[in-house]
Amino acid sequence: MCDVQLLRVSVHERISAAAEDFLLQLEKGGETAQVPALRAMLTERLTAAAEEIDAGIEETVAVYEDRMERSEREICRQRRLLDAVMKPELRLHRVVCSLGEFKL
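The working numbering puts the first residue of the sequence shown at 3, with every later residue one more than the last.
Written out as structure tokens, the structure is:
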């Protein structure tokens, strides 16, 4: 599973767990269920889920940023190699000799 799919599963599990708790508390309380207490419990669970989701997103983004940075470096390296092959630099060096050196 890729990072995004794992994050999606985690989000689904967290929200489902919060909903299950909410419904369980509602069933236990029946008609006398206190709306403010249920609201507070649901808010607490959803806040915890949101914080965990946020941490997962930050981690996933960091992984993708690292991959992107490594890919960019590799592309630059390959571009330099391609330039060296496709546009070779020819360097000529002059040799200065005096006329006396050529006498036979």
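Where a beta carbon is used, it is the ideal one built from N, C-alpha and C, also for glycine.
Does the Cβ-Cβ distance between residue i and residue j come in under 8 Å?
| i | j | result |
| --- | --- | --- |
| Val6 | Thr49 | no |
Might you give, ordered along the chain, the residues of its own chain that have their beta carbon closer than 8 Å to the beta carbon of residue i, omitting 5 neighbours on each side?
| i | result |
| --- | --- |
| Leu9 | Ile55, Gly58, Ile59 and Thr62 |
| Leu31 | It should be pointed out that residue 31 corresponds to Gly in this sequence rather than to Leu. Closer than 8 Å at the Cβ level, and outside the excluded window around Gly31, lie Leu40. |
| Cys4 | none |
| Leu26 | none |
| Phe24 | Leu40, Met43, Leu44 and Arg47 |
Quick check on this structure: which residue in the options has the alpha carbon closest to the alpha carbon of residue i?
| i | options | result |
| --- | --- | --- |
| Glu22 | Cys4, Val37 and Met43 | Met43 |
| Ala51 | Cys99, Val11 and Leu92 | Val11 |
| Cys18 | Arg47, Arg41 and Val65 | For the sequence presented, residue 18 should be read as Ser rather than Cys. Closest option to Ser18, Cα to Cα, is Arg47. |
| Lys89 | Arg96, His95 and Arg81 | Arg81 |
Going by beta carbon distance, what residues of the same chain come within less than 6 Å of residue i, once the five residues before and after it are set aside?
| i | result |
| --- | --- |
| Leu93 | The amino acid occupying residue 93 in the given sequence is Arg; Leu does not appear at that position. Cβ neighbours of Arg93 beyond the five flanking positions: none. |
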